[in-house]
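J.:
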Amino acid sequence: MEVKKIKFDKHTVKKLLTLLMPIIAFGVLIAVFCIVVGAKGYKLDRYIEIIFNQGLVLAIVATGATFIYTLGSFDISLGASTLFSAAVGVMVYNSTHSLVVMILVIIIVAVGCSLLSSTLASVFKLPVFVTTVAMMSVLSAISATIITKNGGALGGISIPSSVVKPLDNMGFKIAMLVIFMALCVFVFEFTKVGRRQKFLGANPFCAKLTGISLNKYAIIAFVMAGLGVGLGAFLTLVYTPSVTPTTAGSLGMQILVAIVFGGMPISGGPRSKIYAAVVGGFSYILLDNILKILIQGNAGYGISQIISAVFFLALVYVASLNYRSKNLPR
Amino acid sequence: MSETEVVQENTIPLLEIKNMTKTFGPVVALNDVDLTVQKGDVLGLIGENGSGKSTITSIAAGMQKATKVESMRYKGKDWAPSSMLDALDNCGEGAHGIGMIVQESGTIAGITVAENIFLGELDQFRVFKFGPISRRKLNKAANEALEAIGITNVRGNMPMAALDFQSRKLVEIAKIMLKDPDVIVVDETSTALAHDGRQILYNIINKYRGTEKAVIFISHDLDEIMEVCDTLTVLRDGKIIRSFKKDEFDADAIRTSMIGRELQGDYYRSDFTPSWQEEVVLECKNLVLGDSLKDISVQLHKGEILGVGGLSHCGMHTLGKVLFGAVKPQKGEVLVNGTPVKNEAFAMKKNIGYVSKDRDTESLALTASIKDNIAIGGMEKYAIKNFLIWDPSEKKYVDEQINNLSIKCSDRNQTTGTLSGGNKQKVVFGKWVGRGSEILILDCPTRGVDIGVKQAMYQLMLKLKEEGKAILMISEEMPELIGMSDRILIMKDGEIKKEFIRSAELTDAEIINYMI
Amino acid sequence: MKALLNKQKAKTLGIKAAGTLAIPAVFIVVLLIICAAGGKSIFPTESSFANFMSSAAVITITTIALSINLNSGRFDFSLGSMAVLSSVISAKITGAILHGGEGSAIVMLLLCIVFGAIIGAASGGLYVLLKIPPIITSLGVTLILEGITYTITKGSYVTDEVRNASMTAFSGNWYYSLLVIVAVLVLIIYLFDFTKFGYKYKALKEGQKVSVNTGIKEIPNAVVCYIICGALMGVVGFINASRSTLINGGSLNFGSIGIMFTAFLPMFIGGFIGRFSNDKLGYLLAGISMAFLNATFVVFANEVTSSTQSIINAVLLVVFLIYLSNEQICKDLVTGKLFKKWYLVIKTKLQDRKASKGV
Amino acid sequence: MKKHLAKIAAVALTGAVVVGTTLGLTACSGGNGLPNIGDDETAKIGVLVSDVNGDEAKAFRAYYENYLEKQYNVDFTYTEALENAAGERAAIETFAAQGYHAIISLSASDRAMQIETCEANNLYYAVASGMLDDAQYEKYKGYECFVGQIGPDMTTEYEAGKAMGEYYKTTKNVSKVAIYGAFIPNPMHVYRAAGILAGLGLTYGGQSAMDAVVGQIFGDQGLTVSKISGPVTVSAYVQGFNPDVTFGEIGGAVATQPDAFLSVGMATTFFSSVFAGANVQYADIDSFTEGNVAQMSQEGGKLTYLAGKYASSIGPVFAAVYNAVHGNVIKDNGNAISIGQNYGVATTAEAAAKYQTADSGNNPIINKSLLDTVIGKDVTFDTFKAFVETDRTPA
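Protein chains in written order, with numbering that gives the first Met the number 0: chain X, 0 to 329; chain V, 0 to 515; chain W, 0 to 358; chain H, 0 to 394.
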């Protein structure tokens, strides 16, 4: 392999900036965060743990979702299916008292929900997004019913905290993240599947004429997303052994924001990045926490949200500098 | 430039461009070019893909802006149109500007013919000043515009999507002609037109010839351009190489100046002996699909180049897709080495390759890199256990194809969309040849490809034939069918009308009789 | 000859009318039958009809607003937040000036339209300025608008400013809502079908590149679309404020996007109807159908929980989409052609097998 | 190459986070006991809330931040609106990282987890509304960090509903009512609704015991009118808030011409103008806010019964936590305190106004001089209990 020198002309700088922007932003956010926490005299080590816990489920579910985004479609029901699988998991644990069965059921249910969306969409040729909108309403409605019917006065259902306590430590969670990331990176970067999915995202017509079945790879993508949801639902229970109708409530939209934040093009295709979800997810959580520390008080919530939205738009703008089209993007 | 300046010096040229430069990022499309168009002239522009012929005219017609230009003057006045509409409309005294019939479709499928024609100038159809726009008035005016150039079967209220390719092109022509432009640019338009359509276009060109107006005619087709044009200018790599007057027209000389060197070796096949092996590798039996295919049976042999020719809508393009398993026929079956073809993936497993006519949407992912496009076809070749991808072996595989086909690119990571037409097609070939396809279905493989690459393609096809591979070449260009095929099937209205066997005596005229 | 022509004309007109009315008619008849079967009237009181009308207005107008940009490939999550913010600002101003006095409703409605349009202009301006995909811009815009709303309201419900006789009169009388629907529909049909803007919009929608090359300026067209969307959502914000007599200023983190999802089903139905006549008319008919569904939910409130309602809505959406994407198959299924096809396929397969066995 | 740069950078940064966190983990694993601060030190208390913009929530907040913070050396920090259990846990851990001493919880997604998290993070913990159920209390009452729960428990909610029902049945002699169930199956609202039925002397599904009725309501996800029977007719039942249907339902309910509309919450916020327009009296369980008082007093206002909390009712829970932070952890026989607090009730505008005015501004019902009686090193459980249970209806 010949080594090429990188020439730092305007073009290259733009390209590099585009590519590295999300990561630079992540680095900057970490630095700012450390400074802010340090300046306030808070415990940084604890704070980092909190951030990790807050971002973990988001990062995992969003990483799984990246496979769907790579195909150029998106799934808005992932938050609802996280809730649903967690709820079913709790019900199963409470009747079987087996952690293993619970984990298996959670994963199966999550993958099942995902498969249902994708087969509905592919068998009946429905637009994926709208199918997932319908899935979202159905799953949240069913979950809410299960939870409130069984939760009674507590308003939620739960498993005994002692069951998951042994797993509620950083080592286990980091291991889960690393294993899942490794699996995703492997599938995405080192197998035929990943290559074909990126190609499908780039040009589905050409992919079809190259013998790549959209349905097959859409189903694989949804299965990967389902695995992420399942693992996410399980880790949600590890973090808090209870499920209420609001569990994972804002996850669905956070995934969308996190993936874009991490530098993933919304149209998918060859520029898709498997690390976008992790980078974006943690960046988003970091930004949120920085703003929470800096701006306090009731009125601050609105201001914080405005600031983080502006930051988000600015970041995406810079990251898109290299892909400007003459016409307005759609 | 001296050749074109024979006209009296006191007449101001219609269009005069001096030292125009246009760059797209690092790519130089036009390099300090001068161009003059005289009144009454039918000027041909010819050159390989990316030579700049479309670029310079599209700047004059307002589609894009020059990066740098010393002067551009139209009828002696400074000329800097902001849009195509502007180029047509704003030339001081009424609408006698520059109109361009563009290469890719310049019409919008989702709206009506009338809306397409009058897009951007709807004010005239208002019921009253600032009032609503009257659809009735609009349609009436559109009908008149169509009739003015001799089109009677297309009406203003028809949805554009309901028209075939040729009619859409004609609507475009009507739209331009409505403005009564003094200069029309015809960019690769005739390839889209059948006989009757071409006649309409030639009538218009002939009306312009020798008047106060002028035509700029851009084409790949040397024969056509030599027939239609009075003068001819050759561009290469963004520069004007030479201009020819009618009496200087000479195919070899023009070709040489287009590619900048004598064509080394053969262009088409040098032999005229048909040859193929006994073994039938791909065949279809009694295919039926709507109006496109009516009981089609074809056999393709090992080591054969089978040409399929006809007009654009004769069904041959559909045939190619059906043979590859991409389109399901209503009746009949496709067999590869005796087993029925189920879908594209199966066809690929059986080593069939398919190059689509529609390169940019069906053969390539333009936003992906060269590597992505080539590698996607050959994973069986380099993936470990047909599943794991190891970067270095993937790169090696891709680099081999790039080298074998001499694809001109900065590196394998270059975005495919930034390549020229010929190099794009090489990438497509790399994808299919690299994976070791035994049977190649090539739909218009040299469409929009310049002569240099064309020659390379033909030689590659020949090499593949010699290796015993089977090629089914679907083409709208007679010379290449005659020049390359062992057998030629001519299709019309979904049926095979005639089969020709390779021979030195075969002529265009003989074949065309069966097409129209 | 002329008679024949008229016959032909009458026939196409008949097809058009049938295609236009088929879905809403069947839908509404089914709902009426369900109500009748349950022994209930769908509009038991005068106020229930007023509720139905305002519901129809909200759904229709939201659907139109959603479709304007979505049909052009511009996904907009910010519709809900536009409605809330414009109504909050207008309510505050109206309250400050008129203190709930006479004419509050009309003043607030006009202000809602004005502020909606301004917000829409800002949103569209941001989009053309940043030139990043509209779905991403809309994510940011939604968060910003929610943030502004929250900051203005301090996260509370806005109630006092929208509780007055004037507003009650608006929501209590069905003809006001009807008037708004008609006005919006006429204006929108005029704008999109009879003006230069509309023609250009359609051209850009169908062929962006060609239109731009022809010299149509897409930036002003897009911004105007956003302005219209904003104004429409302003109207929605007003109607919502008048019928709920409150505005929830506390939505953060995309809490405001729900309204968009309710517009999907009517948008698809409306698009389908649009094939036979005008798509905006389709949105109206679809909006009315959905309002009928809501009215039926009200009638059966004690039997159908809100969970069941959202499941019914989702299933309807999926079923209709399945129909849309597989129209021919569905038609064949109804007419029995499909079985014939299957029968033929199976028969030939069997014959083939027999034949191959024979060999 | 450039592509690799991005990958490497991503891996490096992720690695940094992972390493950082692991270090963090090892650094914080050693506990250093529950806080015990001196008198001159500021007590830092985090308040968990799931609602930040409701009237009651804002009244509570004003009492803590605008009144108590001025009177005592204390610093209250409110969370944003916590959406779910995960949010609650993150908030508690954040307070821990910021060096807070105690948590007062008004957020009810997962109490058990809250206590466990506080225990693990050495923070005192107290519940100010929505108490633990019996099993949970039994489990956690021995936890060191658990100061107690002082506020309305589910039985209180039931009683509040029951009192409302009784009032309309006996005092107002109603024969026909409509019920608004607000956000049933929210447990608080379920218990209130069950209480209303009991107060009206009605059975649900043939049963009248609290647990049986509550269980059925959870199962039905709402009230089913046909299952109600007894001397008073329930002519309509509505729950939820979805503008597309709820106003239709309320309109339909009003059209049944009930003598009163009994609501388990949010009635003034959502429907005051509807009730005013239809001339129907209504009852609500909410808080003594300006809006509610106005509905009781002003012309056209139809609110005839209001049960609610007054802002300073969360004073005692503060006192308990404040004492704990300063070293006096009041225990009930070694267990965490658990004292129910009843709602205040007003049936006239004057009474409601007293609650409101008495509780606003600089002199809340439970003011500094009252609170001082239960703040100090030697306050015992008995004193404290007596203090909480004193009737503080404004004279």
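Where is the CB? At the ideal position from N, CA and C, for every residue including glycine.
Because the structure is a prediction, the values reported are computed rather than measured.
Residues of chain V with CB under 8 angstroms from T194 (chain W), in chain order?
T.: On the third sequence, residue 194 (chain W) is found 195 positions in, with the first residue counted as 1. Result: P131, I132.
J.: CB-CB under 6 angstroms to E278 (chain V), same chain, minus the five flanking residues each way: which ones, in chain order?
T.: In the second sequence, the residue the question calls residue 278 (chain V) occupies position 279. Excluding sequence neighbours, E278 (chain V) sits near K301.
J.: Determine which residues share a DSSP beta bridge with D77 (chain V) and list them.
T.: The residue given as residue 77 (chain V) occupies position 78 in the second sequence. DSSP output for D77 (chain V) lists V:R72 as bridge partner(s).
J.: Say whether chain V places a C-beta atom closer than 8 angstroms to the C-beta of N5 (chain W).
T.: In the third sequence, the residue the question calls residue 5 (chain W) occupies position 6. Closer than 8 angstroms: no.
J.: Please state whether DSSP places T106 (chain V) in a helix, a strand or coil.
T.: Translated into the one-based positions of the second sequence, residue 106 (chain V) becomes position 107. Looking at T106 (chain V) - three-state DSSP - the assignment turns out to be coil, as it is neither helix nor strand.
J.: Round the Cβ separation of P269 (chain X) and D246 (chain V) to the nearest angstrom and send it over; I've been treating them as touching at under 8 angstroms.
T.: The residue given as residue 269 (chain X) occupies position 270 in the first sequence. The residue given as residue 246 (chain V) occupies position 247 in the second sequence. Not confirmed; about 52 angstroms, so no contact.
J.: Please go through the segment 366 to 424 of chain V and give each complete alpha helix (DSSP H) segment of 4 or more residues, from N-terminal end onward.
T.: For the segment 366 to 424 of chain V, whole alpha helix (DSSP H) runs of length 4 or above, ordered along the chain, are 369 to 374, 378 to 381, 390 to 403.
J.: Check whether the Cβ of T213 (chain W) lies closer than 8 angstroms to any Cβ atom in chain V.
T.: For the purposes of this step, residue 213 (chain W) is taken as the residue at position 214 of the third sequence. Yes, T213 (chain W) counts as interfacial toward chain V.
J.: For I67 (chain X), which residues from the same chain have a beta carbon less than 7 angstroms from its beta carbon, with the 5 sequence-adjacent residues on both sides left out?
T.: Counting from 1 along the first sequence, the entry for residue 67 (chain X) is found at position 68. Hits under 7 angstroms: F73, D74, A220, F221, A224.
J.: Rounded to whole angstroms, what is the Cα-Cα separation between L305 (chain H) and T347 (chain H)?
T.: For the purposes of this step, residue 305 (chain H) is taken as the residue at position 306 of the fourth sequence. For the purposes of this step, residue 347 (chain H) is taken as the residue at position 348 of the fourth sequence. Those two C-alpha atoms are separated by around 9 angstroms.
J.: By Cβ distance below 8 angstroms, which residues in the same chain neighbour R358 (chain V) in space, the five residues on each side in sequence not counted?
T.: Within the second sequence, numbered from 1, the residue matching residue 358 (chain V) stands at position 359. These residues qualify, in order along the chain: G420, K423, Q424, V427, R446, G447.
J.: Tell me which residues share the same chain as I388 (chain V) and place their Cβ nearer than 6 angstroms to its Cβ, disregarding the 5 neighbours each side in the sequence.
T.: Start at 1 with the first residue of the second sequence, and residue 388 (chain V) comes out as number 389. Cβ neighbours of I388 (chain V) beyond the five flanking positions: A382.
J.: Any residues in the segment 58 to 76 of chain W with a beta carbon nearer than 9 angstroms to a beta carbon of chain X? Which ones, in chain order?
T.: If the cut-off is 9 angstroms between Cβ atoms, the segment 58 to 76 of chain W has S71, G72, R73, F74, F76 near chain X.
J.: Given a limit of 9 angstroms on CB to CB distance, which residues of the segment 233 to 255 of chain X reach chain H?
T.: Cβ contacts with chain H: T235, Y238, T239, P240, S241, V242, T243, P244, T245, T246, A247, G248, S249.
J.: Given a cut-off of 8 angstroms, decide if M166 (chain W) and S241 (chain W) are closer than it, judged by their beta-carbon atoms.
T.: Here residue 241 (chain W) is taken as the residue at index 242 of the third sequence, counted from 1. Here residue 166 (chain W) is taken as the residue at index 167 of the third sequence, counted from 1. A contact, by the Cβ cut-off of 8 angstroms.
J.: Give me the chain X residues within the contact set of F217 (chain H), using Cβ-Cβ distance strictly less than 7 angstroms, ordered along the chain.
T.: Residue numbering aside, residue 217 (chain H) sits at position 218 when the fourth sequence is read from its first letter. Ordered by position in chain X, the residues that pass the 7 angstroms Cβ test against F217 (chain H) are T147, K148, G151.
J.: Of all the alpha helix (DSSP H) runs that stay within the bounds of the segment 272 to 311 of chain X, which reach a length of 4 or more residues?
T.: If we require 4 residues or more, the alpha helix (DSSP H) runs fully inside the segment 272 to 311 of chain X come out as 275 to 293.
J.: Tell me E466 (chain V)'s beta-bridge partners as DSSP assigns them.
T.: Residue 466 (chain V) sits at position 467 when you count from the first residue of the second sequence. According to DSSP, E466 (chain V) bridges with nothing at all.
J.: Using a C-beta to C-beta distance shorter than 7 angstroms, which residues of chain X count as neighbours of E217 (chain W)?
T.: Here residue 217 (chain W) is taken as the residue at index 218 of the third sequence, counted from 1. Chain X residues near E217 (chain W): N326, L327.
J.: If you drop the 5 nearest sequence neighbours on each side, which residues of the same chain put their C-beta closer than 8 angstroms to that of G111 (chain X)?
T.: For this step, residue 111 (chain X) is matched to residue 112 along the first sequence. These residues qualify, in order along the chain: G225.
J.: Any residues in the segment 272 to 301 of chain X with a beta carbon nearer than 7 angstroms to a beta carbon of chain W? Which ones, in chain order?
T.: From the segment 272 to 301 of chain X, only N297, A298, Y300, G301 have a Cβ closer than 7 angstroms to chain W.
J.: Rank W:I227, W:E160, W:K15 by C-alpha distance to the C-alpha of S66 (chain W) and give the top, closest one.
T.: Position 67 of the third sequence, counted from the start, is the residue given in the question as residue 66 (chain W). Per the Cα distances, W:I227.
J.: Could you check whether the Cβ of G268 (chain X) sits closer than 8 angstroms to any Cβ belonging to chain V?
T.: For the purposes of this step, residue 268 (chain X) is taken as residue 269 along the first sequence, with counting starting at 1. Yes, its Cβ sits closer than 8 angstroms to a Cβ of chain V.
J.: Out of V:K330, V:K356, V:G155, V:L439, state which residue places its alpha-carbon closest to the alpha-carbon of V344 (chain W).
T.: For the purposes of this step, residue 344 (chain W) is taken as the residue at position 345 of the third sequence. Of V:K330, V:K356, V:G155, V:L439, the residue nearest in Cα terms is V:K330.
J.: Which class does Y198 (chain W) belong to by DSSP, given the choice of helix, strand or coil?
T.: Position 199 of the third sequence holds residue 198 (chain W). Helix at Y198 (chain W).
J.: According to DSSP, P133 (chain W) sits in a beta bridge with which residue or residues?
T.: Locating residue 133 (chain W) in the third sequence gives position 134, counting from the first residue. According to DSSP, P133 (chain W) bridges with nothing at all.
J.: Report the three-state DSSP secondary structure of A26 (chain H) (helix, strand or coil).
T.: Residue mapping note: residue 26 (chain H) aligns to position 27 of the fourth sequence, counting from 1. Bear in mind that a pLDDT of 40 at A26 (chain H), under 50, signals an unreliable position, so the number given afterwards is only what the model happens to contain. Three-state result, A26 (chain H): helix.
J.: For Q198 (chain V), is the classification buried or exposed, using 16 other Cβ atoms within 10 angstroms of its Cβ as the cut-off for buried?
T.: Your numbering for residue 198 (chain V) matches position 199 in the second sequence. Looking at its Cβ environment, which holds fewer than 16 other Cβ atoms inside 10 Å, Q198 (chain V) is exposed.
J.: Could you compute how far the alpha carbon of T303 (chain H) sits from the alpha carbon of A82 (chain W)?
T.: Here residue 303 (chain H) corresponds to residue number 304 of the fourth sequence, with the count starting at 1. Here residue 82 (chain W) corresponds to residue number 83 of the third sequence, with the count starting at 1. Distance between the alpha carbons of T303 (chain H) and A82 (chain W) is about 34 angstroms.
J.: Could you tell me the boundaries of the alpha helix (DSSP H) in which E237 (chain W) lies?
T.: Stepping through the third sequence from its first residue, residue 237 (chain W) is reached at position 238. Note on identity: in this sequence residue 237 (chain W) is Phe, with Glu being the wrong assignment. Its alpha helix (DSSP H) spans residues 217 to 243.
J.: Is there a Cβ of chain W sitting closer than 8 angstroms to that of M83 (chain V), yes or no?
T.: Looking up residue 83 (chain V) in the second sequence gives position 84. Interface residue, yes.
J.: Could you tell me whether the Cβ of A108 (chain V) comes closer than 8 angstroms to any Cβ of chain W?
T.: Looking up residue 108 (chain V) in the second sequence gives position 109. At least one chain W Cβ lies under 8 angstroms of A108 (chain V).
J.: Which stretch, first to last residue, makes up the beta strand (DSSP E) that contains K164 (chain X)?
T.: Working through the first sequence from its first residue, we reach residue 164 (chain X) at position 165. Run containing K164 (chain X): none; DSSP gives neither H nor E here.
J.: Which residues in the same chain as G333 (chain H) place their Cβ atom closer than 6 angstroms to its Cβ, once the five residues preceding and following it in sequence are excluded?
T.: For this step, residue 333 (chain H) is matched to residue 334 along the fourth sequence. Counting only Cβ-Cβ distances below 6 angstroms, and skipping sequence neighbours, we find nothing.
J.: Cα-Cα, which of V:L404, V:D485, V:D449, V:E498 is closest to L459 (chain V)?
T.: As a working mapping, residue 459 (chain V) is identified with position 460 in the second sequence. With distances taken between Cα atoms, L459 (chain V) lies closest to V:L404.
J.: With respect to the alpha helix (DSSP H) encompassing A252 (chain H), which residues constitute its N-terminal and C-terminal limits?
T.: Position 253 of the fourth sequence, counted from the first residue, corresponds to residue 252 (chain H). 245 to 254 is the extent of the alpha helix (DSSP H) around A252 (chain H).
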